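Per the numbering used here, residue 1209 is the first one in the sequence shown, and the count goes up by one each step. Working notes for the structure below.
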Amino acid sequence: MISEITGGVTAAKGFRAASCAAGIKYQGRTDMAMIACSVPCAVAGTFTSNQVKAAPVLWDMDVVFRKKQAQAVVVNAGIANAATGETGLALCRETAEYTGNRLGIPSDSVLIGSTGVIGPNIPVDRISAGVDMMIPALADTAEAGTAASRAIMTTDTVNKERAVRFTLPGENGEDVTVTLGGMSKGSGMIHPNMCTMLAYLTTDCAVDQALLQQALRDVVKDTFNMISVDGDTSTNDTLLVLASGLAGNRPVVSAEDPGYAVLKAALFTVCRNLAVLMAGDGEGATHLIEMTVTGADTKENARTLARSVVSSSLVKAMIYGKDANCGRILCALGYAGPAFNPDRVDLYLLGNSGNVCFCLNGRVQEFDEDKALEILSGHDVRFTADMHMGSESAVAWGCDLTYDYVKINGDYRS
1209 MISEITGGVT AAKGFRAASC AAGIKYQGRT DMAMIACSVP CAVAGTFTSN QVKAAPVLWD
1269 MDVVFRKKQA QAVVVNAGIA NAATGETGLA LCRETAEYTG NRLGIPSDSV LIGSTGVIGP
1329 NIPVDRISAG VDMMIPALAD TAEAGTAASR AIMTTDTVNK ERAVRFTLPG ENGEDVTVTL
1389 GGMSKGSGMI HPNMCTMLAY LTTDCAVDQA LLQQALRDVV KDTFNMISVD GDTSTNDTLL
1449 VLASGLAGNR PVVSAEDPGY AVLKAALFTV CRNLAVLMAG DGEGATHLIE MTVTGADTKE
1509 NARTLARSVV SSSLVKAMIY GKDANCGRIL CALGYAGPAF NPDRVDLYLL GNSGNVCFCL
1569 NGRVQEFDED KALEILSGHD VRFTADMHMG SESAVAWGCD LTYDYVKING DYRS
């Protein structure tokens, strides 16, 4: 049984967090966060598919795939430290060395995250000053975790954190409580294959590092990789999970261990919830769009079809205008790539008090326009399409496209 609880990155045993206003770019608000653990952690990560990778991404990839252990994370908002060459990599190295010295841990156990404007260099003295402010403030309270989640925001309008608890067999056979929590940021430059998103998960589960990496890669396919705000895949996308092992469970060391399925389900729950929060908080958004595809012939085709709909600018504009123009959804399904029989597609708009059938056997139906408008006026707008090709399904999330999106991105650097 997985239970959702209040909390974020400090919910699991061993983890503390802090934040500060370092003046990286923003004035009058917090813009740096730190997560630290009392013990070395197994670490797993997934990163942007963009060929232009920011310096912190390159640094973290080295830590995750070479050392496979970490004990702290330092994140800044405002400047992305991307397209900065060796200067950017040197900043990551200096930040890790400085933080490691102050915490008494190896520099290659310090992970780095940055988000914001691409191009400018981050003043190293502000990063160091921020580290100096945060270390004495590290705390394991829920409030510290929430403050950290707010500090990494850029154009986000709300902070994003979630946590769950579950049970696993303990070392002595009795069940023990295991906790997994996380925080993320992301509002624009978000598109499948990782997005302008930073996400940090922490758990006190004892788990083999390779299994943790495997679970994270699998979970990402149906969570963070199924959201789209604007079709742009960022240079800085990073998703990390640190496992302290302090819960006292019998270590999960095999994919056949029942505990592995439970841990993977917990990862899925937190990642899905954070991903949906990000999709609904897209820049300028007024609606969350959820697209479910059923009856696909393969899982990947179901994912591709669902992502195509939430990524369509015309569908996004349609939702903003509350216009029940279902042809735009059929069009987005049609150009997605996977082959299907258009004469077998059923499409519905889902409402709490009843659904609206837009299309049956590939033919647009007469429907209640007032009922459709009522559903489209809600914040969450949900569609389902049955392809009648097989038994696979997938869900994708996005948001509407508004005038405010253009305004936000027309002067983003200032």
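Glycine included, each C-beta is placed from N, C-alpha and C at the ideal position. Here the structure is a predicted model, which means the values were calculated and not measured.
Pop quiz: residue i and residue j are said to be a contact at Cβ under 8 angstroms. What is the actual Cβ separation, rounded to whole angstroms?
| i | j | result |
| --- | --- | --- |
| THR1411 | ILE1360 | At roughly 19 angstroms, the Cβ-Cβ gap does not stay under 8 angstroms, so THR1411 and ILE1360 are not in contact. |
| GLY1467 | VAL1384 | About 11 angstroms; that fails the 8 angstroms criterion. |
| CYS1567 | CYS1539 | In fact, because the Cβ distance is near 12 angstroms, the residues do not count as touching under 8 angstroms. |
| ALA1604 | MET1499 | 5 angstroms |
| VAL1470 | PHE1374 | 6 angstroms |
| LEU1475 | SER1392 | Not quite, the Cβ-Cβ distance comes to about 13 angstroms (not below 8 angstroms), so this is no contact. |
| ALA1580 | ALA1532 | 4 angstroms |
| GLY1394 | ASP1430 | Going by Cβ atoms, the distance from GLY1394 to ASP1430 rounds to 17 angstroms, so no, they are not a contact pair. |
| ALA1510 | SER1601 | 5 angstroms |
By Cβ distance, which residues of its chain are closer than 6 angstroms to residue i, with the 5 residues on each side in sequence left out?
| i | result |
| --- | --- |
| ALA1219 | ALA1371, THR1387, GLY1389 |
| LEU1541 | LEU1513 |
| VAL1461 | ASP1416 |
| LEU1584 | LYS1530 |
| GLY1606 | SER1436, ALA1487, ILE1497, VAL1518 |
| VAL1614 | none |
Among residues of its own chain, excluding the 5 on either side of residue i, which ones have a beta-carbon nearer than 7 angstroms to its beta-carbon?
| i | result |
| --- | --- |
| THR1307 | ALA1280, VAL1282, VAL1318, VAL1339 |
| SER1622 | In this prediction, SER1622 has a pLDDT of 48, which is less than 50 and means its spatial position is unreliable; what the coordinates show is noted afterwards. Here the set comprises nothing. |
| CYS1300 | ALA1263, PRO1264, TRP1267, ILE1320 |
| ILE1287 | ILE1232, LYS1233, SER1322, GLY1324, VAL1325, PRO1328, ILE1330 |
| GLN1573 | CYS1565, PHE1566, CYS1567 |
| THR1254 | MET1402, LEU1424, ARG1425, VAL1428, LEU1447 |
What residue range does the beta strand (DSSP E) around residue i cover?
| i | result |
| --- | --- |
| ALA1225 | 1223–1228 |
| PHE1591 | 1588–1594 |
| THR1387 | 1383–1393 |
| TYR1408 | 1406–1411 |
| LEU1447 | 1446–1451 |
| GLY1324 | 1318–1325 |
| ILE1583 | Careful: ILE1583 lies outside any beta strand (DSSP E), inside the alpha helix (DSSP H) at 1577–1584. |
Check for me: the alpha helix (DSSP H) holding residue i runs from which residue to which?
| i | result |
| --- | --- |
| ALA1263 | 1263–1270 |
| ASP1528 | Per the sequence shown, residue 1528 should be read as Tyr rather than Asp. Segment 1521–1528, the alpha helix (DSSP H) holding TYR1528. |
| PHE1476 | 1466–1488 |
Quick check on residue i - is its C-beta less than 8 angstroms from some C-beta in chain B?
| i | result |
| --- | --- |
| ALA1241 | Absent here is chain B; the protein component of the structure consists of one chain. |
Skipping 5 residues on each side, what residues in its chain have a beta carbon closer than 8 angstroms to that of residue i?
| i | result |
| --- | --- |
| ASP1554 | CYS1565, CYS1567, LEU1568, ASN1569, ALA1593, ASP1594, HIS1596 |
| PRO1377 | ASP1383, VAL1384, ASN1457, ARG1458, GLY1467 |
(request) Would you be able to state if there are at least three C-beta pairs under 8 angstroms between the segment 1418–1432 and the segment 1215–1230? (result) With a cut-off of 8 angstroms, the segment 1418–1432 and the segment 1215–1230 do not count as touching, because too few Cβ pairs lie within range.
(request) Answer yes if the segment 1548–1564 comes into contact with the segment 1521–1530, meaning at least three C-beta pairs across the two stretches below 8 angstroms, and no otherwise. (result) no
(message) With three or more C-beta pairs closer than 8 angstroms as the rule, is the segment 1515–1522 touching the segment 1445–1454?
(response) Because the criterion of three Cβ pairs below 8 angstroms is not met, the segment 1445–1454 and the segment 1515–1522 do not touch.
(request) List in chain order: all unbroken alpha helix (DSSP H) runs of 4+ residues lying wholly within the segment 1247–1309. (result) 1263–1270
(request) Indicate whether the contact test is met: 3 or more Cβ pairs, each with one atom in the segment 1496–1511 and one in the segment 1596–1605, closer than 8 angstroms. (result) With contact defined as three or more Cβ pairs closer than 8 angstroms, the segment 1496–1511 and the segment 1596–1605 are in contact.
(message) Contact between the segment 1340–1357 and the segment 1240–1250 is defined here as three or more beta-carbon pairs at a separation below 8 angstroms; is this criterion met?
(response) yes
(request) Write down every uninterrupted run of the alpha helix (DSSP H) in the segment 1339–1365 whose length is 4 residues or greater and which is fully enclosed by it, in chain order. (result) 1350–1359
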